[in-house]
Amino acid sequence: MSCEDCLSRRAFLAKSTLAVAGAAALAAGCGDGQIGGSGATGPLPTGLTVKVSTVPELATVGLLAFLPSDARVAVKRTGPTSFLALSTACTHEGTRLDIVNNAVSFECPNHGSRFDSNGTVTRQPNAAGSATNLPILTTQYNAATDILTIG
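Numbering-wise, the sequence shown is residues 0 to 150 according to numbering that gives the first Met the number 0.
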């Protein structure tokens with residue numbers, strides 16, 4: 000059998016191996032941006048409720064806490080009856096942020112971005128790209144029932 004345009008078996012295997020390796024590398028890059036855990040990406044939640052007295056950190060003005068029902072949201076008590084709710088997805092690549100510094104700021108475990116308790120960027124990531132301030136969600140607090148509604 001004679002074929003000028005046919006690949007040799009060796010050339011075919013080499014190109015096939017390269018194609019499979021490229022596909023594997025592409026698939027590995029399609030994760031959620033979180034190393035060793037689930038990311039915080041996706042649409043911002045709406046209609047979340049929490050009984051404030053069930054989250055110990057919310058007893059103190061200025062401290063941050065993840066919502067027990069949805070870790071994509073963190074809440075900070077800003078006054079006796081006022082609260083700030085923030086997305087916990089890093090605006091650089093979507094990784095779920097950690098609450099650090101005695102519950103007063105956020106840090107991205109992937110690239111080191113930092114945000115203060117109001118969601119303002121205080122340190123850009125140590126990788127290509129940049130972070131922006133965290134999205135703020137609406138809040139409504141009913142002092143009579145101690146229920147905070149978010150989103």
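Where is the CB? At the ideal position from N, CA and C, for every residue including glycine. Keep in mind the model is a prediction, meaning the values are calculated, not measured.
Would you mind sorting residue i into buried or exposed? The rule is 16 or more other CB atoms within 10 Å of its CB.
| i | result |
| --- | --- |
| glycine 46 | exposed |
| asparagine 117 | exposed |
| arginine 9 | exposed |
| asparagine 101 | exposed |
| asparagine 132 | exposed |
| glutamate 109 | According to the sequence as given, residue 109 is asparagine; it is not glutamate. Label assigned to asparagine 109: buried. |
| threonine 137 | exposed |
Check the C-beta distance from residue i over to residue j and give it rounded, since I have them as a contact under 8 Å.
| i | j | result |
| --- | --- | --- |
| isoleucine 146 | alanine 84 | Not a contact, Cβ separation roughly 13 Å. |
| arginine 71 | serine 86 | 6 Å |
Please list, in chain order, all residues of the same chain as residue i whose beta carbon is under 6 Å from its beta carbon, the five residues on each side excluded.
| i | result |
| --- | --- |
| aspartate 69 | Pro44 and Leu47 |
| valine 54 | Ala64 |
Keeping to the same chain, check which residues put their C-beta closer than 7 Å to that of residue i; ignore five residues upstream and five downstream.
| i | result |
| --- | --- |
| serine 52 | Asp145 |
| threonine 154 | Missing from the structure shown is residue 154; the chain here goes from 0 to 150 and no further. |
Go through its chain and collect everything with a Cβ distance to residue i's Cβ below 8 Å, but skip five positions before and after it.
| i | result |
| --- | --- |
| alanine 143 | none |
| serine 104 | Leu63, Ile98, Arg113, Phe114, Asp115, Ser116 and Thr121 |
Taking Cβ positions only, does residue i come closer than 7 Å to chain D?
| i | result |
| --- | --- |
| asparagine 101 | Absent from the structure is chain D; it holds one protein chain and no more. |
Segment contact, 8 Å Cβ cut-off, at least three pairs: the region 76-91 with the region 57-66
yes
If contact is defined by three or more beta carbon pairs under 8 Å, each pair taking one atom from either stretch, is the region 122-134 in contact with the region 81-97?
yes
At what residue ranges does the region 109-149 contain a whole run of the beta strand (DSSP E), taking only runs of 3 or more?
113-115, 120-122, 138-141 and 146-149
For the region 38-107, list the alpha helix (DSSP H) runs that are entirely contained and at least 4 residues long, ordered along the chain.
none
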